[in-house]
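Once you know that position 35 of the sequence shown is 480 in this note's numbering, the rest is easy, because the numbers rise by one and skip nothing.
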Amino acid sequence: MYDFLVSVWRTVVPTLVGLVGAQATRLGFHVEDAQLTAWLTVAFSTVYYAAFRRLEQLRPGWGWFLGIARPPAYARPDADLLALRDRQ
Numbered sequence: 446m447y448d449f450l451v452s453v454w455r456t457v458v459p460t461l462v463g464l465v466g467a468q469a470t471r472l473g474f475h476v477e478d479a480q481l482t483a484w485l486t487v488a489f490s491t492v493y494y495a496a497f498r499r500l501e502q503l504r505p506g507w508g509w510f511l512g513i514a515r516p517p518a519y520a521r522p523d524a525d526l527l528a529l530r531d532r533q
């Protein structure tokens, strides 16, 4: 459950940063289109996440910019479960 919450938090933080970045962009420009604001939010969020995820791979401390300085760890499925899935 903890890894799930970590993954959600590490998604929320870049999204909030993207929203703030998109709104900050609007300070200098008059943007009325809600769809443009949505695309700017997605763009800022994606670039932010990708940059800090890459930096985190080089130095783990950069992970704090994603909310938590530890990426979630997912367990590998058992061989029995994989064999059962393959039979279906």
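The C-beta atom is built at its ideal place from N, Cα and C for all residues, glycine as well.
- Residue range of the alpha helix (DSSP H) that residue 463 falls in? 447–473
- Message: Between which two residues does the alpha helix (DSSP H) holding residue 484 run?
- Response: 479–503
- Message: Our contact map puts residue 457 next to residue 512 with C-beta atoms below 8 Å; I'd like the distance itself, whole angstroms only.
- Response: 7 Å
- Message: Pop quiz: residue 453 and residue 493 are said to be a contact at Cβ under 8 Å. What is the actual Cβ separation, rounded to whole angstroms?
- Response: Contact flag wrong, Cβ pair sits at about 17 Å.
- Item | Alpha-carbon spacing of residue 510 relative to residue 521, whole angstroms | 27 Å
- Mind checking whether residue 467 and residue 489 have CB atoms under 9 Å apart? yes
- My guess is that residue 450 and residue 470 are in contact by the Cβ rule of under 8 Å, so how many angstroms apart are they, rounded? Contact flag wrong, Cβ pair sits at about 31 Å.
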